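Below: one structure, written as structure tokens.
Protein chains: 2
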Amino acid sequence: MNNQAKNTAERILDVTQDLIQRRGYNAISFNHIAEKVGIKKPSIVHHFPGKADLGKAVVKRYREVFSAALQAIAEDDQKTAMDAFDFYCTPYLDYGGDKEKICLCGALAGEFLALPKVMQKEVAAFFDGHLRWLEDILKRGLENGEFHFTGKPAAMAQLVLDTLQGALIVKRATGTSGHVVEVMKTLRSKLEKPE
Amino acid sequence: MNNQAKNTAERILDVTQDLIQRRGYNAISFNHIAEKVGIKKPSIVHHFPGKADLGKAVVKRYREVFSAALQAIAEDDQKTAMDAFDFYCTPYLDYGGDKEKICLCGALAGEFLALPKVMQKEVAAFFDGHLRWLEDILKRGLENGEFHFTGKPAAMAQLVLDTLQGALIVKRATGTSGHVVEVMKTLRSKLEKPE
DNA sequence: GTCTATACAAAGATAGAC
DNA sequence: GTCTATCTTTGTATAGAC
Chain A
1 MNNQAKNTAE RILDVTQDLI QRRGYNAISF NHIAEKVGIK KPSIVHHFPG KADLGKAVVK
61 RYREVFSAAL QAIAEDDQKT AMDAFDFYCT PYLDYGGDKE KICLCGALAG EFLALPKVMQ
121 KEVAAFFDGH LRWLEDILKR GLENGEFHFT GKPAAMAQLV LDTLQGALIV KRATGTSGHV
181 VEVMKTLRSK LEKPE
Chain B
1001 MNNQAKNTAE RILDVTQDLI QRRGYNAISF NHIAEKVGIK KPSIVHHFPG KADLGKAVVK
1061 RYREVFSAAL QAIAEDDQKT AMDAFDFYCT PYLDYGGDKE KICLCGALAG EFLALPKVMQ
1121 KEVAAFFDGH LRWLEDILKR GLENGEFHFT GKPAAMAQLV LDTLQGALIV KRATGTSGHV
1181 VEVMKTLRSK LEKPE
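For the protein sequence lines, the chains are A and B, in the order given.
My numbering numbers the first residue of the first sequence as 1 and each following residue consecutively.
My numbering numbers the first residue of the second sequence as 1001 and each following residue consecutively.
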């Protein structure tokens, strides 16, 4: 399904998500969004009554798409814990290869207190869900002998999430291509080998 | 030296830095700053001709204060590599204990492309400098037997910086007290023990 | 569902009095 | 060095025609 085949509401969500990942929430406006979608300002308001509603809808969709994919791979018996871990890394690798983009929720977390409450809730739920999922995968890999790290799976889950989120914001600021791939290899080695 | 003893320019810098660490750059205005300093909007303009000038001055000061402290401990022969590492962690620990604050440059990196060019340069220089300093300390600790990690010091420096920056943005969004302390212990254990 | 027109507030910035 | 007053632009949001 290409972009033109989508309905207006979806195209607004796509453009808004892209703009937030590049510039943040408080730096963009209905005008920026409307121009990229190819409509006028009030048409956005017709689909989303306010900027906070639009922002919330963007994060909610992002969170749910992630959530469904993570749940699917966690429930797939064919997949190893390392398969799941590598799958988790793919979006970070994608954004890592883009000079301008970072994780949607990483961008929003940087201006967290300047976000509408409804958006704060979504962003918090995103991170909470990822931490729980990572903990589960790491615990499984530790128990079945795939992983060999010391310390609790919960602590390792924090390390993984924090590192990947941090890697994206640092790579964009420093303009270092390969920064995310590099740190991901380091991270992976801490999971595989015993200390 | 208390706040009232400082001159106006310094008080403006203090308030602006604090506001950026809480809310980001694009979400704050001369009015917010003026109100907290206890002056009026045009008085700020007298000291800093534009918002970009003020923003640049804030990051420059932050970067230079950090830089001087890091250089001092790196040149102190009495300090071990682990002393230096722990010293590096202290500001992150301080912000970690605050529900609202993150690193100034971490906040700005989240809205990097929506910053004035002069500010982007300062933020990039901050991260570049920290990566070089960390690599130097880690290399030294590895050579003198204090540290026992595998992989290049440069890769480990990335891991440290990314993790600490990510930990701050994640802890604020999730409201998890202890998140930063916890991940820092994990990080420390990866330096100390051989894999 | 999309548009033009408009209301209203807040932003950065300037001029000039004190 | 600080202020009042003002300018200009841009922001979110609304009303109502098509």
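For glycine and all other residues, C-beta sits at the position ideal for the given N, C-alpha and C.
A quick note: this is a predicted structure, and the numbers were derived from the prediction, not measured.
Which same chain residues, not among the five before or five after residue i, have their C-beta less than 6 Å away from its C-beta?
{"i": "residue 141(A)", "result": "81 and 147"}
{"i": "residue 48(A)", "result": "54"}
{"i": "residue 66(A)", "result": "none"}
{"i": "residue 70(A)", "result": "133"}
{"i": "residue 1130(B)", "result": "1161"}
{"i": "residue 1117(B)", "result": "none"}
{"i": "residue 1079(B)", "result": "1073"}
{"i": "residue 1145(B)", "result": "none"}
Which first and last residues belong to the alpha helix (DSSP H) in which residue i is found?
{"i": "residue 1126(B)", "result": "1117-1143"}
{"i": "residue 1075(B)", "result": "1051-1075"}
{"i": "residue 110(A)", "result": "104-110"}
{"i": "residue 148(A)", "result": "Unbroken run through residue 148(A): none, as it is neither H nor E."}
{"i": "residue 1190(B)", "result": "1179-1192"}
{"i": "residue 1113(B)", "result": "Element bounds for residue 1113(B): n/a, residue is neither H nor E."}
{"i": "residue 166(A)", "result": "153-174"}
{"i": "residue 1048(B)", "result": "Element bounds for residue 1048(B): n/a, residue is neither H nor E."}
{"i": "residue 84(A)", "result": "81-96"}
Are the beta-carbon atoms of residue i and residue j separated by less than 8 Å?
{"i": "residue 138(A)", "j": "residue 25(A)", "result": "no"}
{"i": "residue 1127(B)", "j": "residue 59(A)", "result": "no"}
{"i": "residue 1092(B)", "j": "residue 1164(B)", "result": "yes"}
{"i": "residue 54(A)", "j": "residue 44(A)", "result": "yes"}
{"i": "residue 174(A)", "j": "residue 1124(B)", "result": "yes"}
{"i": "residue 1052(B)", "j": "residue 1119(B)", "result": "yes"}
{"i": "residue 136(A)", "j": "residue 74(A)", "result": "yes"}
{"i": "residue 191(A)", "j": "residue 87(A)", "result": "no"}
{"i": "residue 1166(B)", "j": "residue 166(A)", "result": "yes"}
{"i": "residue 1056(B)", "j": "residue 1122(B)", "result": "yes"}
Kindly list the residues whose CB is nearer than 8 Å to the CB of residue i, restricted to its own chain and excluding five residues on each side of it in sequence; keep chain order.
{"i": "residue 19(A)", "result": "28, 32, 33 and 36"}
{"i": "residue 1095(B)", "result": "1021, 1101, 1102, 1103, 1168 and 1180"}
{"i": "residue 83(A)", "result": "73"}
{"i": "residue 1006(B)", "result": "1014"}
{"i": "residue 1041(B)", "result": "1030, 1031 and 1034"}
{"i": "residue 8(A)", "result": "37, 39, 43 and 47"}
{"i": "residue 193(A)", "result": "148"}
{"i": "residue 172(A)", "result": "99, 100, 101 and 102"}
Only counting the same chain, and skipping five residues up and downstream in sequence, which positions put a Cβ closer than 7 Å to that of residue i?
{"i": "residue 1183(B)", "result": "1163 and 1167"}
{"i": "residue 1153(B)", "result": "1135, 1138, 1139 and 1142"}
{"i": "residue 1017(B)", "result": "1058, 1062 and 1104"}
Quiz item: Is it true that the segment 1144-1160 of chain B meets the segment 179-187 of chain A, where meeting means three or more beta-carbon pairs spaced less than 8 Å apart?
Solution: yes
Self-check item: Length at least 4, wholly inside the segment 7-46 of chain A: the alpha helix (DSSP H) runs in chain order
Solution: 8-23 and 30-37
Quiz item: Quick one: any contact between the segment 1101-1121 of chain B and the segment 99-114 of chain A, if contact means 3 or more CB pairs under 8 Å?
Solution: yes
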